[in-house]
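Novice: Take a look at this one; I'll ask things after.
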Amino acid sequence: MDYLAYMRPRTFPITFVFALTGYVLAPSHARGAGLALDLAFLFLVYSVLGWGGANAFNSAEDQDTGPVNLLPDPPPRPRHLGAFGLACGAASVALALAWPGKARAVPFVLVAGLLSVAYSYRGAPFRRFKEVGGLDALTHALGCGPIAIALGWSAAAPLDASFAWPALGFFFAFFGGYTTTQIFQLAPGERYATGRNYTSLLGAPLALRVSVLCFAAHVVVLGLSVGRAIVASAPYLVWASLVAVAALHALGWALRPWHAPYRRMQVQLGLMMTSHVTFLAGHALQ
């Protein structure tokens with residue numbers, strides 16, 4: 007059970023939404039039993055094995071003992087946790103290869119896995135991406151945005167040019183949200199020399215203000231991708247309103263970045279994920 011805990015099951019439904027985004031936005035989809043199988047594919051390959059394995063490997067490399075994202079009270083780390091995480095990642099690629107009709111998705115499963123290793127692994131000849139301010143945020147935004155969307159889309163249909171706008175729009179959302187996952191793990195006022203991440207590079211107040219700009223870009227780019235008439239519909243107005251509330255929350259947080267950062271991270275995550283699901287619901291209803 008400790009291995010499962012370090013896969014952070016609370017992330018499974020959240021990360022499933024990332025891949026589901028591409029699936030919903032794709033121009034065609036399976037129906038009936040085929041739809042259920044496609045959703046199972048995304049959940050098992052991307053969320054459980056891919057993200058779960060990456061989470062376990064990251065905790066092994068970080069030697070986590072205290073709160074981490076969506077695992078506030080981790081148990082003692084089990085033996086060979088890193089090997090377990092890598093095995094899960096390899097299993098995600100193997101399952102994608104074996105799953106009938108999903109060959110188009112395999113490259114994105116593989117790229118996501120390789121990025122997660124480069125992000126966390128301490129033994130490489132280069133500094134791991136997690137400890138390079140800016141590159142950590144870029145890796146996160148690419149993995150949760152364009153790569154996840156491409157994986158979900160290609161599970162339903164071949165990629166086409168219309169993929170680019172939502173991929174870019176959600177890239178901005180995830181880049182903007184990344185700093186909220188780091189603040190609670192830093193000491194108040196911690197500098198880049200010891201913090202070694204995007205938030206400590208910019209400083210928490212500035213990083214949160216950059217988040218606001220990213221959230222604005224997210225709304226503008228996705229608004230352009232769906233068109234003015236559709237944006238004026240109720241689900242899209244709710245989506246844009248929730249992103250605006252998240253932006254205001256980030257601005258308020260920037261004034262006191264070290265006050266209750268874990269609780270504020272949960273609020274910010276809840277706002278952005280609710281907005282994300284609302285956007286997908288609006289698209290599905292068109």
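Taking this note's numbering, the leading residue of the sequence shown gets 7, the next gets one more, and so forth. All residues carry an ideal CB built from backbone N, CA and C; glycine is no exception.
1) Would you check if the distance between the CB atom of leucine 48 and the CB atom of alanine 62 is smaller than 7 angstroms?
2) Okay, do the region 222-229 and the region 138-158 touch, 3+ Cβ pairs below 8 angstroms being the bar?
3) Which first and last residues belong to the alpha helix (DSSP H) in which methionine 279 is found?
4) Would you report the Cα separation of phenylalanine 181 and serine 217, rounded to the nearest angstrom?
5) Decide if histidine 86 is buried, meaning its Cβ has at least 16 other Cβ atoms within 10 Å, or exposed.
6) Opposite valine 74 in the DSSP bridges: which residues?
7) Below 7 angstroms between beta carbons: does that hold for phenylalanine 177 and alanine 143?
8) On the three-state DSSP scale, how would you describe glycine 107?
9) Cβ atoms of alanine 60 and serine 122: under 7 angstroms apart, would you say?
10) Would the beta-carbon of alanine 161 fall within 7 angstroms of that of alanine 111?
11) Would you report the Cα separation of glycine 288 and leucine 31, rounded to the nearest angstrom?
12) If we ignore side chains and look at the alpha-carbon of each, how far apart do alanine 250 and arginine 14 end up?
13) What residue from Pro172, Leu254, Tyr184 has the CA that sits closest to tyrosine 29's CA?
14) Suppose the cutoff is 6 angstroms on Cβ atoms and the five residues either side in sequence are ignored; what does the same chain contact list for aspartate 8 look like?
15) Using a Cβ-Cβ cutoff of less than 7 angstroms, which residues in the same chain neighbour threonine 280 once the five nearest sequence positions on both sides are dropped?
16) Could you give the distance in angstroms between the alpha-carbon of glycine 149 and the alpha-carbon of phenylalanine 114?
17) Can you give the beta carbon distance from alanine 252 to glutamine 272, rounded, assuming they're within the 8 angstroms contact cut?
Specialist: Considering the structure as presented:
1) no
2) no
3) 267-291
4) Near 7 angstroms, if we compare the C-alpha coordinates of serine 217 and phenylalanine 181.
5) exposed
6) For valine 74, the beta-bridge partners assigned by DSSP are Leu77.
7) no
8) Three-state DSSP puts glycine 107 in coil, outside helix and strand.
9) yes
10) yes
11) CA-to-CA, the gap between glycine 288 and leucine 31 works out to about 11 angstroms.
12) 29 angstroms
13) Pro172
14) Pro81, Pro84
15) Within the same chain, threonine 280 has close Cβ partners Leu248.
16) For glycine 149 and phenylalanine 114, the distance between alpha carbons rounds to 9 angstroms.
17) In fact, because the Cβ distance is near 12 angstroms, the residues do not count as touching under 8 angstroms.
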